[in-house]
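Read the structure below first, then the notes.
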């Protein structure tokens, strides 16, 4: 397996989840992932330290997202629908899949400032130092945003029982799954 | 470290324990070992984080995404040949509108008057065409100079970004009417000439440029303030490196890095058609180094 294919297999899923949380739209998330790898194909060879490939990919996707966001502010397209309407909605969706949708939706409801660091934190692929590198902010800022982002996330979970069917009062994994299973 | 600080730090501790050996968490974890309540808090925090992380990992990935990534890349390398061929064929069928040639000639005539072409000599059509074409090119260069190197307003370049300067320098270098003021293969001779004219010379050069042969140099006048800049050209392995120096105050140079970071800038730089470009600044001047090569080759001069 060549390096590129290996890289795609290692990271495309995490990149998609990150992109989904940022763009709040599955098609745009897929576009972001594709664009990220196109840029890698064009410029990846310039990266001397190959161990930085992961950070490079997430940084690139994040920058592409920011660029798209800036462009869409200048040239607004149609109103972005609520994320739940745009998510795949198969009849056979299990409760677990619904949870994932709700998780992304909740992340999408967070302030933009917290969404990216918190998503990267929950994807568990990056240390807080790497998150700082990806987002190009100081380490202390990342810690602060993760902390405040978690507060905001949990408040949303507990204050919106109707929109958060999981009713995660204590947010214990067992309770969570039972509620939705 | 107090308990609140420990909680703050440990909120960035990944639930899968990947950060267990990270020194930044050591002090907070040591506190956890001594404080039962803090220990319970951390267990709860990690459980919540793990639950959310697990749920997030269930986000469905589009089935065709992996293939789509490879298809996009194949498309970007394979398709163009066929696509281009179709396009070339289609474009070949496009006919210019009738009268276009006359309109071009009429426009050139107007331009000729603008640049006050002497009219008392009769010229053949070919000579006139040559002259007007040259005049048009001169006008183009003058516009370029006006905007970027001679400046139209008192502070015309203050908001100009390094990227815009980069494009303009490339346009200047690629102009068929571009020429050097002095051609000499000795760097010292180039610097002497620039010094004589009170033009800037680089106080520090990237290592790889120091011993190179010179090609030549040129006086650049920048902005309405007539700030004085220099272009110095060097040669290595048949490739020419162009170094443009201009006063820092004439453009928005806040984001520009120092020479020690120019190599990494170079790796990040966008290749502008055939040109690789990097840039840096010191307290007084901004520097743009350009060459027709891959960015990694340009990085080798640092």
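Residue numbers (the numbering used here), protein chains in the order written: chain A, 1 to 181; chain B, 1001 to 1302.
We treat Cβ as the ideally placed atom computed from N, Cα and C, and that holds for glycine.
For clarity, every value in this text was computed on a predicted model and none was experimentally measured.
Cβ pair residue i, residue j closer than 8 Å
i, j, result
"residue 1276 of chain B", "residue 1293 of chain B", "yes"
"residue 23 of chain A", "residue 65 of chain A", "yes"
"residue 1165 of chain B", "residue 1290 of chain B", "no"
"residue 1162 of chain B", "residue 1279 of chain B", "yes"
"residue 1032 of chain B", "residue 1054 of chain B", "no"
"residue 53 of chain A", "residue 125 of chain A", "no"
"residue 58 of chain A", "residue 134 of chain A", "yes"
"residue 1259 of chain B", "residue 1187 of chain B", "no"
"residue 1218 of chain B", "residue 1180 of chain B", "yes"
"residue 1035 of chain B", "residue 1003 of chain B", "yes"
"residue 1184 of chain B", "residue 1216 of chain B", "yes"
"residue 55 of chain A", "residue 130 of chain A", "yes"
"residue 152 of chain A", "residue 107 of chain A", "no"
"residue 1309 of chain B", "residue 1281 of chain B", "Only positions 1001 to 1302 of chain B appear in the structure, and residue 1309 of chain B is not among them; the question remains open."
"residue 1062 of chain B", "residue 26 of chain A", "yes"
Buried or exposed (CB count within 10 angstroms, at least 16 for buried), residue i
i, result
"residue 1156 of chain B", "At residue 1156 of chain B, the pLDDT of 41 sits below 50, so the modelled position is not reliable and the matter cannot be decided from this model."
"residue 1202 of chain B", "buried"
"residue 51 of chain A", "exposed"
"residue 1052 of chain B", "buried"
"residue 183 of chain A", "What is shown of chain A runs 1 to 181, which leaves residue 183 of chain A out entirely."
"residue 17 of chain A", "buried"
"residue 157 of chain A", "buried"
"residue 99 of chain A", "buried"
"residue 1295 of chain B", "buried"
"residue 1009 of chain B", "buried"
"residue 1239 of chain B", "exposed"
"residue 1178 of chain B", "exposed"
"residue 140 of chain A", "exposed"
"residue 1172 of chain B", "buried"
"residue 69 of chain A", "exposed"
"residue 143 of chain A", "buried"
"residue 1127 of chain B", "In this prediction, residue 1127 of chain B scores a pLDDT of 40, lower than 50, which makes its location untrustworthy; the coordinate-derived value is nonetheless stated afterwards. Exposed is the call here."
"residue 1030 of chain B", "exposed"
"residue 101 of chain A", "buried"
"residue 1283 of chain B", "exposed"
"residue 1210 of chain B", "exposed"
"residue 115 of chain A", "buried"
Beta-carbon separation (whole angstroms), residue i vs residue j, contact threshold 8 Å
i, j, result
"residue 1214 of chain B", "residue 1251 of chain B", "At roughly 26 Å, the Cβ-Cβ gap does not stay under 8 Å, so residue 1214 of chain B and residue 1251 of chain B are not in contact."
"residue 33 of chain A", "residue 12 of chain A", "6 Å"
"residue 1245 of chain B", "residue 1230 of chain B", "5 Å"
"residue 113 of chain A", "residue 145 of chain A", "6 Å"
"residue 1208 of chain B", "residue 1302 of chain B", "7 Å"
"residue 1019 of chain B", "residue 127 of chain A", "6 Å"
"residue 1059 of chain B", "residue 20 of chain A", "6 Å"
"residue 1232 of chain B", "residue 1243 of chain B", "5 Å"
"residue 1200 of chain B", "residue 1285 of chain B", "6 Å"
"residue 117 of chain A", "residue 149 of chain A", "6 Å"
"residue 1001 of chain B", "residue 1040 of chain B", "Residue 1001 of chain B to residue 1040 of chain B, Cβ: 18 Å. No contact."
Any chain C beta carbon closer than 8 Å to residue i
i, result
"residue 152 of chain A", "The structure shown has no chain C; the protein chains it does contain are A and B."
Contact residues within the segment 29-63 of chain A, judged by C-beta distance below 8 Å to chain B: 30, 33, 34, 37, 38, 41, 45, 46, 47 and 48
Interface positions of the segment 1282-1298 of chain B facing chain A (Cβ-Cβ less than 7 Å), listed along the chain: 1295 and 1296
Residues of the segment 98-111 of chain A whose Cβ lies closer than 7 Å to any Cβ of chain B, in chain order: 99, 100, 103 and 104
Residues of the segment 2-32 of chain A with Cβ closer than 7 Å to any Cβ of chain B, in chain order: 8, 12, 13, 16, 17, 20, 26 and 30
Proximal residues, the segment 1053-1069 of chain B versus chain A, C-beta separation under 8 Å: 1053, 1054, 1055, 1056, 1057, 1058, 1059, 1060, 1061, 1062, 1065, 1066, 1068 and 1069
Near-chain A residues of the segment 1217-1249 of chain B - C-beta to any C-beta below 9 Å: none
Cβ pair count under 8 Å reaching 3, the segment 1048-1064 of chain B against the segment 110-127 of chain A: yes
Proximal residues, the segment 1025-1043 of chain B versus chain A, C-beta separation under 7 Å: none
Chain A contacts from the segment 1171-1196 of chain B (Cβ-Cβ distance under 9 Å): none
Near-chain A residues of the segment 1001-1019 of chain B - C-beta to any C-beta below 9 Å: 1007, 1008, 1009, 1011, 1012, 1013, 1014, 1015, 1016, 1018 and 1019
Members of the segment 111-123 of chain A near chain B, C-beta cut-off 8 Å: 119, 121, 122 and 123
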